[in-house]
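Residue numbers (the numbering used here): 109 to 605.
For each residue, glycine too, the CB sits at the ideal point set by N, CA and C.
All remarks here apply to the structure that follows.
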Amino acid sequence: MNETYQSLIKRAQELTELGSILQTLTWDQETMMPSRGGPFRARQIATLAGLCHQKLTDPAWGEILERLKDADLDLWSRATVREMRRQHEKAVRVPEELVRELAETASLGYEAWVKARKESDFSAFSPWLEKIVRLKQQEARCLQFSDSLYEALLDHYEPEMKIRKVDEIFAFLRPKLSSLLEKIQASNRQPSQDLLQGNFPLHKQRAFGRDVLTAMGFEWDAGRLDQSPHPFCTGFSPLDVRITTRYSEKDFSSSLFGILHEGGHALYEQGLDPERYGSPACDAISLGIHESQSRLWENQVARSKPFWQYWFPRLQQTFAGQLDQVSLEDFIHAINRVQASLIRVDADEVSYGLHVILRYGLEKSMIEGDLEVQDLEAAWNTKMREYLGIVPSRSAEGVLQDTHWSQGLIGYFPTYLLGNLYAAQIFHQAKKSIPNLEENIREGKLMPLREWLREQIHRRGKTMTAGELIEDISGEFLRSNYFVDYLENKFGEIYGL
Ligand code: ZN
109 MNETYQSLIK
119 RAQELTELGS
129 ILQTLTWDQE
139 TMMPSRGGPF
149 RARQIATLAG
159 LCHQKLTDPA
169 WGEILERLKD
179 ADLDLWSRAT
189 VREMRRQHEK
199 AVRVPEELVR
209 ELAETASLGY
219 EAWVKARKES
229 DFSAFSPWLE
239 KIVRLKQQEA
249 RCLQFSDSLY
259 EALLDHYEPE
269 MKIRKVDEIF
279 AFLRPKLSSL
289 LEKIQASNRQ
299 PSQDLLQGNF
309 PLHKQRAFGR
319 DVLTAMGFEW
329 DAGRLDQSPH
339 PFCTGFSPLD
349 VRITTRYSEK
359 DFSSSLFGIL
369 HEGGHALYEQ
379 GLDPERYGSP
389 ACDAISLGIH
399 ESQSRLWENQ
409 VARSKPFWQY
419 WFPRLQQTFA
429 GQLDQVSLED
439 FIHAINRVQA
449 SLIRVDADEV
459 SYGLHVILRY
469 GLEKSMIEGD
479 LEVQDLEAAW
489 NTKMREYLGI
499 VPSRSAEGVL
509 QDTHWSQGLI
519 GYFPTYLLGN
529 LYAAQIFHQA
539 KKSIPNLEEN
549 IREGKLMPLR
559 EWLREQIHRR
569 GKTMTAGELI
579 EDISGEFLRS
589 NYFVDYLENK
599 FGEIYGL
């Protein structure tokens, strides 16, 4: 039995290593690759994706997994077998040809999207999107998951999550978020816009960001911080985790909150047990749980008063002369400014969820065949008016703003909002479980929080589902009210509602 399990681990390790190489190529494409490298990079990625697929669909897996079906295994080995079975069973349903075509189309689609967004020309991208949607529908059909094609895609990112549940949560949240947004916009206590604007040298922004990351416990000998058009985090292994941000000389907050957000993701990746690298159970549970880690650091921690009681004087020092006249209260109000806006990644904590609900509805309709790509932009604009009361005048600020669809990442968006919900419920528990958490944060001591998260979440890898983890940490199923209460309390105070 032990031998069978060892052969499973050996094969799984090889797959993980190939996956890491694939991620390296993608990281390079988004940070370092010269612009003409795109077409050949797409082929390199497609070849490797095809190779991974061949390995994963090897008939030998079936036999190994069958032999381990009733084996007496410990928690980690059980999780490893379960995860391998899940991956193998999915992979054998999708033909290799489709996998290669998807990988290549996603890589070329990304290049096409970059260009189309620059020129704000949806018609230049829509043929690619039509192809991507068609291929993703084919993939979902192959997976024969449930009645819903979309659910099969959602399951890639948020395993075990059901559309019924997402619909229920989002239907509850939408009116709550809209009404809070309306109340805030009607408040006569509006923050000054100008105080985050100025001239902030990039090297100082970088240095300040690095200091905060260090305090959070980011391990520099197992990670890097670079620059890319879209901030992101990728972990090749727990000992090599890369994050990026983007810089603007006029506004330090965009690079800083990018770093804080991606830093939260990075701590999750660095917190996975390196001894178990290669096992499919040594991985993040789901994208929703991943996002909970980034949002928890970015919002619950780094947009709070205790955090800035420590860091604001240091920020003033870094940008000497520029923030001297700004009070801590005004600063906190400014970084928590709520306003209906066009761009999701710049959205505040209240309207952010509405952006996600909008994308979820649209991508679900496209996959289920209820919405044609040619009608997407009109549908986008209609929903923007309905949800946020504003309409983009350019495609670049509307339907073309996000990279996800161009890369075939359909089913991904809902995990952002689920992540906010998980974050609120986890942080609520952290405050109960970690002695003097707020005082620690006020003194710049962020390690106790990192350690708690590492122990409660990161180190446990994929030994349980997202639902089981939340229940284990907080004693309750996932509930929307922690997020709603958090928003109502925080913004009620800031805006005097
Ligand atoms: Zn994120």
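The alpha-carbon of Q162 is positioned some 25 Å away from that of Y258. About 6 Å separates the beta carbons of L423 and L431, which is inside the 8 Å limit, making them a contact pair. Only buried fits L545, as 16 or more other CB atoms lie within 10 angstroms of its CB. In summary, G604 is exposed, with fewer than 16 beta-carbon neighbours lying within 10 Å of its beta-carbon over all protein chains present.
Residues Y520 and F521 of the same chain have their beta carbon placed closer than 7 Å to that of H512, with the five preceding and five following residues left out of the count. Under DSSP, R350 shares a beta bridge with R332 and T342. R314 is positioned such that its CB atom lies closer than 9 Å to that of S363. Counting along the chain, the unbroken alpha helix (DSSP H) around D136 starts and ends at N110 to T139.
The residue from L206, Q246, T155 and R208 with its alpha-carbon nearest to that of E476 is Q246. Secondary structure of D438 (DSSP, three-state): helix.
L586: not part of any alpha helix (DSSP H); DSSP gives it neither H nor E.
Only residues of its own chain outside the window of five on either side were considered, and among them I465 have a CB closer than 6 Å to the CB of F278, listed in chain order.
Boundaries of the alpha helix (DSSP H) harbouring P556: M555 to Q564, taken from the DSSP string.
Excluding residues up to 5 positions away in sequence, L173 lie with their Cβ nearer than 7 Å to the Cβ of R193 in the same chain.
Membership of S541 in the alpha helix (DSSP H) is indicated by the continuous run P522 to S541. Shown here, D359 sits in a strand according to DSSP, grouped into three states. Residue pairing of Q301 in beta bridges, as defined by DSSP: absent, with no partner found. Within 8 Å of the C-beta of Y524 there is at least one heavy atom belonging to the ligand ZN. When C-alpha distances from I129 are compared across R119, I153 and M140, the shortest belongs to I153. Our two residues, R175 and T112, have alpha carbons roughly 8 Å apart in a direct line. Judged by their CB atoms, L261 and A248 are nearer to each other than the 9 Å cut-off. Only buried fits E191, as 16 or more other CB atoms lie within 10 angstroms of its CB.
The C-alpha of L561 lies about 28 Å from the C-alpha of E601. If you ignore the 5 residues before and after I542, its C-beta comes within less than 6 Å of the C-beta of P556 and W560, all in its own chain and listed in chain order.
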